[in-house]
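Undergrad: Below is the structure I would like to discuss, written out as structure tokens.
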Amino acid sequence: MPTNDQVERLLHELMGAGSAGYPTKEQIMDKPHSHKPDVIRLCIQWKKEVWFPLRATEPTEQQKFEALKTLLQRIAAEHYNKPVEVDYQPEIGSCCYQPALNRITINKSLSILSSLHELAHHLFGNSETKACRWSVWLFKKSFPKAFRGLEWKGHMLVKPTCSVS
Ligand SMILES: [Zn+2]
280 MPTNDQVERL LHELMGAGSA GYPTKEQIMD KPHSHKPDVI RLCIQWKKEV
330 WFPLRATEPT EQQKFEALKT LLQRIAAEHY NKPVEVDYQP EIGSCCYQPA
380 LNRITINKSL SILSSLHELA HHLFGNSETK ACRWSVWLFK KSFPKAFRGL
430 EWKGHMLVKP TCSVS
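Counting the sequence shown from 1 gives a position; the numbering used here is that position plus 279.
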């Protein structure tokens, strides 16, 4: 028979980490994750030269997608020598990465954070802890203002209205 403490711990692990192996907020934010300085610079440059000007023009979804695709493909090819395909499927429930196809698929959320999360799977493999830590910290460093506007729901950072992982 397990002790109450053991049951408690097991429940905590199941609920905290989730069945899909997602880390908790504490495991993601506990200590900063380091990034290649050039990757942070690229994100900030993209934000100022591509994303902000685009948003000021009431862009179409396709235009936003093309901008996100540029960011992901530049990080992958220029800084990790791992080119990746990126496509847009507004109807799917969440963004995903398919290793067999070497392809990241972005859904209608057109979320920078979700896109970076899937890019992390392309660059570093299927660890959710690694993908969450790399993407959340890169987002926090490159988009500090947007980061402060998000709220935590379990392992996910969400906007008050729409959910982004
Ligand atoms: Zn993931």
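Glycine included, each C-beta is placed from N, C-alpha and C at the ideal position. This one's a predicted model, so the numbers in the text were calculated from it and none came from an experiment.
Can you look up residue 438 in the DSSP assignment and give me helix, strand or coil?
TA: In this structure, residue 438 counts as coil in the three-state DSSP scheme.
Undergrad: Taking residue 341 as the reference, give the member of 302, 367, 438 and 319 with the closest Cα.
TA: For residue 341, the nearest C-alpha among the options comes from 367.
Undergrad: Does the beta carbon of residue 356 fall short of 7 Å from some heavy atom of ligand 1?
TA: Checking the Cβ of residue 356 against ligand 1 gives no.
Undergrad: Name the DSSP beta bridge partners of residue 364, please?
TA: Answer is 382.
Undergrad: Here's a check: name, in chain order, each residue in its chain whose Cβ is nearer than 6 Å to the Cβ of residue 343, leaving out the five neighbours to either side.
TA: Closer than 6 Å at Cβ, skipping near neighbours: 389.
Undergrad: For residue 356, I'd like the list of residues in its chain whose CB is within less than 7 Å of its CB, leaving aside the five on either flank, ordered along the chain.
TA: For residue 356, where only same-chain residues beyond five positions count, the Cβ hits under 7 Å are 362.
Undergrad: On the three-state DSSP scale, how would you describe residue 425?
TA: Note: residue 425 maps to helix in three-state DSSP.
Undergrad: Can we count residue 434 as close to ligand 1, meaning its CB is less than 7 Å from some heavy atom?
TA: No - ligand 1 has no heavy atom lying nearer than 7 Å to the Cβ of residue 434.
Undergrad: Please state whether the Cβ-Cβ distance between residue 407 and residue 374 is less than 8 Å.
TA: No, these two residues do not count as a Cβ contact at 8 Å.
Undergrad: Spatial neighbours of residue 382 within its chain, please: CB distance less than 8 Å, with the 5 preceding and 5 following residues excluded, ordered by chain position.
TA: 363, 364, 365, 366 and 376, listed in sequence order.
Undergrad: Identify every residue that forms a DSSP beta bridge with residue 341.
TA: Partner(s): none; residue 341 has no beta bridge.
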